[in-house]
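Sequential numbering from 2 applies to the sequence shown in our numbering. We treat Cβ as the ideally placed atom computed from N, Cα and C, and that holds for glycine.
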Amino acid sequence: MLLVMSKTNNPGVIRLRTAITDAVTPVLSVAAAPMDAIYHAGTWVADMSRLRAENVALKNQNIELLQWQSAAKQLANENKSLQGLLRVVPSYKNSYITARVVADMGGPYVHSALLGAGGDSGIKKDQAVISDSGLLGRIIDVGANSSRVLLLGDINSRVPVMAERTHEKSILIGNNSDWPTLSYLAADSKIEAGDRIVTSGDGGVFPKDIPVGVVTSVDKGIVKVQPFVDPPSAEYVSVIDFSL
Numbered sequence: 002m003l004l005v006m007s008k009t010n011n012p013g014v015i016r017l018r019t020a021i022t023d024a025v026t027p028v029l030s031v032a033a034a035p036m037d038a039i040y041h042a043g044t045w046v047a048d049m050s051r052l053r054a055e056n057v058a059l060k061n062q063n064i065e066l067l068q069w070q071s072a073a074k075q076l077a078n079e080n081k082s083l084q085g086l087l088r089v090v091p092s093y094k095n096s097y098i099t100a101r102v103v104a105d106m107g108g109p110y111v112h113s114a115l116l117g118a119g120g121d122s123g124i125k126k127d128q129a130v131i132s133d134s135g136l137l138g139r140i141i142d143v144g145a146n147s148s149r150v151l152l153l154g155d156i157n158s159r160v161p162v163m164a165e166r167t168h169e170k171s172i173l174i175g176n177n178s179d180w181p182t183l184s185y186l187a188a189d190s191k192i193e194a195g196d197r198i199v200t201s202g203d204g205g206v207f208p209k210d211i212p213v214g215v216v217t218s219v220d221k222g223i224v225k226v227q228p229f230v231d232p233p234s235a236e237y238v239s240v241i242d243f244s245l
């Protein structure tokens, strides 16, 4: 009725309407406060729910990124190992079969390692096995998908070698220790501690000039050699299909 009467532009009616509006507005504000609180609470809950969802998504993304980082580091290490193999592979026109060392079967009486490749990959008995540091040993057993390497330290290991500096030839013989010895040296041998030992190529089993180790001591005719390859640290190796 006030709205209709205010259309007449009666000053008294307009003043009355204004007074009533002034009186009612604070009451409406108080009455609306709970609704505003509920509205803001709902907005807060929605914001918290959205933030929680974003937090969960970021955590999942972080986990995924960490997994990718771990995979990238593993691939980088494998790539470094394989590049090391390329540096040590002799420049002969032979084929090379890369394999992973899947188990170290070393013990007090047998020093060997198991490879995850065998006859199906072209591996044969008596082939030389090298890592990125030098000679690891030779193949002694071959299966379809696995093969066993006799390590240099095994008592049954025999490798024709020579000293890089003096070119004296000898046989590196394992003794079930970390230091195989040189045998069949001349009485006037000039080999000294620190001399590098490489394969001589004699016998046609091992290619010539593969790094083997370094002489650690010469005492009363016993010449000990520290192999360049630490078998437990070898992850990837190359098997050499060597032929004269």
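{"Query": "Less than 9 Å between the beta carbons of residue 217 and residue 190, yes or no?", "Result": "no"}
{"Query": "Any idea if residue 173 is buried or exposed, counting beta-carbon neighbours within 10 angstroms, 16 or more meaning buried?", "Result": "buried"}
{"Query": "If you run the structure through DSSP and keep just helix, strand and coil, what is residue 161?", "Result": "strand"}
{"Query": "Count the CB pairs spanning the stretch 148 to 166 and the stretch 187 to 204 that are closer than 8 Å, and state whether there are at least three.", "Result": "yes"}
{"Query": "Can you look up residue 46 in the DSSP assignment and give me helix, strand or coil?", "Result": "helix"}
{"Query": "Rank 210, 56 and 181 by C-alpha distance to the C-alpha of residue 225 and give the top, closest one.", "Result": "181"}
{"Query": "Leaving out the 5 sequence neighbours to the left and right, which residues in its chain are closer than 8 Å to residue 209 when beta-carbon positions are compared?", "Result": "91, 199, 200, 201 and 202"}
{"Query": "Distance, Cα to Cα, residue 119 vs residue 183?", "Result": "31 Å"}
{"Query": "Going by beta-carbon coordinates alone, are residue 230 and residue 151 separated by less than 9 Å?", "Result": "no"}
{"Query": "Could you pull the start and end residues of the beta strand (DSSP E) that residue 133 belongs to?", "Result": "That residue, residue 133, is in no beta strand (DSSP E); it is neither H nor E in DSSP."}
{"Query": "Classify residue 155 as helix, strand or coil using the three-state DSSP reduction.", "Result": "coil"}
{"Query": "Indicate whether residue 124 and residue 115 have their beta-carbon atoms separated by less than 9 Å.", "Result": "no"}
{"Query": "Grouping DSSP H, G and I as helix and E and B as strand, with all else coil, what is residue 147?", "Result": "coil"}
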